[in-house]
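**Q** Next up is a structure, given as structure tokens.
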Amino acid sequence: MNTRYFTTIKQCAVLLVFCVGFYAVHPASAKNATREGNSSEAEALSRLGELLLDGQVVGFDPYQAQAFFSKAALLGNRTARLRLAELTIRGIGTKREVKGALSEIKLIANEGSLSALVSLGDVYSRGYVGTIDLKAAISAYDKAAEAGSIAAALRLSEIYRYGLLGKTESRRAYEYLNRAKALGDTYALYLMGTGMIEGDFRKFGRPKKGLALFREAEKLGVNDAKIALAMRRNNRSAQLLPHKKIVRNLSKLADAGNVQAALRLFDYYLNPQNGKSRRLTTRNIKKARVLLQRVAEQLEPNELDYRVLLLDIIRARRAKYPALYARINAIPPASRPSLMRRTLRSSPNAYVFFVQMQLSEKGFFRGKRDGLLKRRTIRAIKAYCTHLGAGSLCRRGPLSAQTTNLLTHLF
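For the sequence shown, counting from 1, position 230 maps to 229 in numbering that gives the first Met the number 0; every step adds exactly one.
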């Protein structure tokens, strides 16, 4: 662990002591001092576990996160109990044990936790228990969304928009975004606008309306909407601006202190698009690296580590793939599916190599791990899908949205 991370952990420890000690120095603040003290201590411990698990403020450390969650769970913190079960069912920072962990998630869901319902949906839709249960996944997400979970509504919208668990259903995808919006999620406006501009929600609005939704979202503080407006023409088709104008506009936002705009420019340097054909043009890794160094101090550890690894993957030759594969476990689990999707776009051979490694460890692939999508690798992917009971989801091929969605959650 480096000095930066160690210093921040010490700061978190001071915060923990402060949170726990607050009630001790304010005995008149409540009659049930012991109960409230335990509650505040459990909440602080759970929050420290979240920071370590997500790599925010401090570096990703699943073992220390598991220790904090365990202490908080003993004090009755429900979030910590859920996080422990989620870690256990995947074997992150602890020994993998499916049956007991799944029972615990179900128990917490029955206690009224919407987060546990969303977690159940994830478990059933991503194969974390060794099989896919689409009906149970949708049921859990639906129940959570009906009860007011924004996260569940957004999950369902994505599932139906891209057909991740079957066929695409744009109407249902849009309805769930509307539900998220009604629950107070302003980001849903941005997602609606994106769907209109990209043609997924053409039944509900054209690109021009999508731009209007971007402006509405921008006024409500959605930074991604502001960035999207800086990249598109203000006309009926809302097409992307020419390359130079996109770079100039994003650079202006970045220079004004918009870190997310800087990261979007970083992404654009890696996968630039031409404003007319939308085909990939030449990437500029050097500029991306310089930009990342410039904003490094403003980023959370997880964000920085994620992007450094992505850069290294894109630049790497095949001989470096094994070392890079080992580094994937050093970034938070929540970031790994996104990393794999970006790797697929930017370095397909590295993506295939990483999938080969995962399938080999699980006993589905036997052969040379060469990063080439040849017959043996395709058979291994099909075998994995069949093992999950999701053969129908993978019928569109190894690079379909449905198949790659399952494979990215291997990591």
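Where is the CB? At the ideal position from N, CA and C, for every residue including glycine.
Treat the numbers as computed from the prediction; the structure is a model and nothing was measured.
Let me know if Val289 comes out buried or exposed under the rule of 16 or more other beta-carbons within 10 Å of its beta-carbon.
**A** Position 290 of the sequence shown holds residue 289. With fewer than 16 Cβ atoms within 10 Å of its Cβ, Val289 is classed as exposed.
**Q** Based on the DSSP output, what are the partners of Arg231 in its beta bridges?
**A** Within the sequence shown, residue 231 is the residue found at index 232, counting from 1. Looking at the DSSP assignment, Arg231 forms a beta bridge with Leu239.
**Q** Using 10 angstroms around the beta-carbon of Pro332, count the other beta-carbons present and answer buried if the total reaches 16, otherwise exposed.
**A** Residue mapping note: residue 332 aligns to position 333 of the sequence shown, counting from 1. Counting Cβ neighbours within 10 Å, Pro332 comes out buried, since at least 16 surround it.
**Q** Give me, in chain order, the residues of the same chain whose beta-carbon lies closer than 6 Å to that of Ala143; leave out the 5 immediate sequence neighbours on both sides.
**A** In the sequence shown, counting from the first residue as 1, residue 143 sits at position 144. Leu113, Leu116, Val117 and Ala151, listed in sequence order.
**Q** So which of Thr407, Leu310 and Met195 has the shortest CA-CA distance to Leu269?
**A** Position 270 of the sequence shown, counting from 1, holds the residue named residue 269. Checked all of Thr407, Leu310 and Met195; the closest Cα to Leu269 is Leu310.
**Q** By DSSP, does Asp311 sit in helix, in strand, or in coil?
**A** Position 312 of the sequence shown, counting from 1, holds the residue named residue 311. Helix.
**Q** From which residue to which residue does the alpha helix (DSSP H) around Asp121 run?
**A** Sequence index remark: in the sequence shown, residue 121 carries index 122 (1-based). Where Asp121 is concerned, the enclosing alpha helix (DSSP H) stretches over Leu113 to Arg125.
**Q** Under a Cβ-count criterion, where at least 16 other Cβ atoms within 10 Å of its own Cβ denotes burial, should Pro241 be classed as buried or exposed?
**A** Here residue 241 corresponds to residue number 242 of the sequence shown, with the count starting at 1. That one is exposed.
**Q** Taking a contact to mean a Cβ-Cβ separation below 8 Å, would you say Gly54 touches Asp266 in this structure?
**A** Here residue 54 refers to the residue found at position 55 of the sequence shown. Here residue 266 refers to the residue found at position 267 of the sequence shown. No, the pair does not count as a contact, with Cβ atoms beyond the cut-off.
**Q** Let's see if you can read the secondary structure: which residues bound the alpha helix (DSSP H) around His408?
**A** Numbered from its first residue, the sequence shown carries residue 408 at position 409. Note, His408: premise wrong, no alpha helix (DSSP H); not H, not E.
**Q** Once DSSP output is grouped into helix, strand and coil, what is the label at Arg95?
**A** Here residue 95 refers to the residue found at position 96 when the sequence shown is read from its first residue. Looking at Arg95 - three-state DSSP - the assignment turns out to be coil, as it is neither helix nor strand.
**Q** What separation, rounded to the nearest whole angstrom, lies between the Cα atoms of Ser337 and Ile327?
**A** Here the question's residue 337 lines up with position 338 in the sequence shown. Here the question's residue 327 lines up with position 328 in the sequence shown. In a straight line, the C-alpha of Ser337 is about 12 Å away from that of Ile327.
**Q** State the DSSP-derived secondary structure class of Asp223, mapped to helix, strand or coil.
**A** Counting from 1 along the sequence shown, the entry for residue 223 is found at position 224. Here Asp223 sits in helix by DSSP.
**Q** Ends of the alpha helix (DSSP H) at Ala329?
**A** Stepping through the sequence shown from its first residue, residue 329 is reached at position 330. From DSSP, Ala329 is part of no alpha helix (DSSP H); its letter is neither H nor E.
**Q** Identify which residue in Gly183, Pro206, Ser399 and Lys202 has its Cα closest to the Cα of Thr423.
**A** Summary: the structure shown does not reach residue 423, with the chain confined to residues 0 through 410, and so no result is reported for it.
**Q** What separation, rounded to the nearest whole angstrom, lies between the Cα atoms of Ile158 and Lys373?
**A** Looking up residue 158 in the sequence shown gives position 159. Looking up residue 373 in the sequence shown gives position 374. Cα-Cα distance, rounded: 29 Å.
**Q** Inspect the beta-carbon positions of Ala382 and Phe353 and report whether they are closer than 8 Å.
**A** Looking up residue 382 in the sequence shown gives position 383. Looking up residue 353 in the sequence shown gives position 354. Contact: no.
**Q** Taking Cβ positions, are Leu323 and Arg306 nearer each other than 8 Å?
**A** Within the sequence shown, the letter at position 324 stands for residue 323. Within the sequence shown, the letter at position 307 stands for residue 306. No.
**Q** Spatial neighbours of Ser399 within its chain, please: CB distance less than 8 Å, with the 5 preceding and 5 following residues excluded, ordered by chain position.
**A** For this step, residue 399 is matched to residue 400 along the sequence shown. Taken in chain order, the residues that qualify are Cys393.
**Q** What are the start and end residues of the alpha helix (DSSP H) that includes Cys393?
**A** Position 394 of the sequence shown, counted from the first residue, corresponds to residue 393. That residue, Cys393, is in no alpha helix (DSSP H); it is neither H nor E in DSSP.
**Q** Is there contact here, the segment 210–230 with the segment 160–175, by at least three beta-carbon pairs under 8 Å?
**A** Contact between the segment 210–230 and the segment 160–175 is absent, because fewer than three Cβ pairs lie under 8 Å.
**Q** For the putative contact between Arg375 and Gly388, defined by C-beta atoms under 8 Å, what is the C-beta separation to the nearest angstrom?
**A** Sequence index remark: in the sequence shown, residue 375 carries index 376 (1-based). Sequence index remark: in the sequence shown, residue 388 carries index 389 (1-based). With a Cβ gap of about 22 Å, Arg375 and Gly388 do not count as contacting.
**Q** For Thr130, count the other beta carbons within 10 Å of its own beta carbon; 16 or more makes it buried, fewer makes it exposed. Which is it?
**A** Against the sequence shown, residue 130 aligns to sequence position 131. Per the 10 Å Cβ criterion, exposed.
**Q** Quick check on this structure: which residue in Val128, Arg80, Phe59 and Arg77 has the alpha carbon closest to the alpha carbon of Gly90?
**A** Translated into positions along the sequence shown, residue 90 becomes position 91. Per the Cα distances, Val128.
**Q** I'd like to check one pair, Leu264 with Ala253: are the Cβ atoms closer than 8 Å?
**A** Locating residue 253 in the sequence shown gives position 254, counting from the first residue. Locating residue 264 in the sequence shown gives position 265, counting from the first residue. Going by C-beta atoms, Ala253 is nearer than 8 Å to Leu264.
**Q** Report yes if the C-beta distance between Glu217 and Lys225 is below 8 Å; otherwise report no.
**A** If you number the sequence shown from 1, residue 217 lands on position 218. If you number the sequence shown from 1, residue 225 lands on position 226. In contact: Glu217 and Lys225 (Cβ atoms closer than 8 Å).
**Q** Determine the burial state of Ile284: buried for a count of at least 16 other Cβ atoms within 10 Å of its Cβ, exposed for fewer.
**A** Along the sequence shown, read from residue 1 onward, the residue named residue 284 stands at position 285. Classification of Ile284: exposed, given that the 10 Å Cβ count is below 16.
**Q** In chain order, what residues of the same chain have a beta carbon less than 6 Å from the beta carbon of Leu153, not counting five sequence neighbours either side?
**A** Taking the sequence shown and counting its residues from 1, the one referred to as residue 153 is at position 154. The answer, listed in chain order, is Ala179.
**Q** Which residue's Cα is closest to the Cα of Arg82: Arg95, Ala64, Lys94 and Leu406?
**A** The sequence position of residue 82 within the sequence shown is 83, counting from 1. Of the listed residues, the one whose Cα sits closest to Arg82 is Ala64.
**Q** Using a 10 Å radius around the Cβ and a threshold of 16 neighbouring Cβ atoms, would you call Glu96 buried or exposed?
**A** What you label residue 96 is simply residue 97 of the sequence shown in a count that begins at 1. Glu96 comes out exposed.
**Q** Candidates Lys70, Gly111 and Ser124: which alpha carbon is nearest Asn404's?
**A** As a working note, residue 404 is residue 405 in the sequence shown. Among Lys70, Gly111 and Ser124, the Cα nearest to that of Asn404 belongs to Ser124.
**Q** Rounded to a whole number of angstroms, what is the C-alpha to C-alpha distance between Tyr161 and Gly396?
**A** Numbered from 1 along the sequence shown, position 162 holds the residue referred to as residue 161. Numbered from 1 along the sequence shown, position 397 holds the residue referred to as residue 396. Going by the C-alpha atoms only, they are around 15 Å apart.
**Q** Can you list, in chain order, the residues of its chain whose CB lies under 7 Å from that of Arg472, leaving out five sequence neighbours each side?
**A** Residue 472 is absent from the model: the chain starts at 0 and stops at 410.
**Q** Mind checking whether Ile107 and Val122 have CB atoms under 8 Å apart?
**A** By one-based count along the sequence shown, residue 107 stands at place 108. By one-based count along the sequence shown, residue 122 stands at place 123. Going by C-beta atoms, Ile107 is not nearer than 8 Å to Val122.
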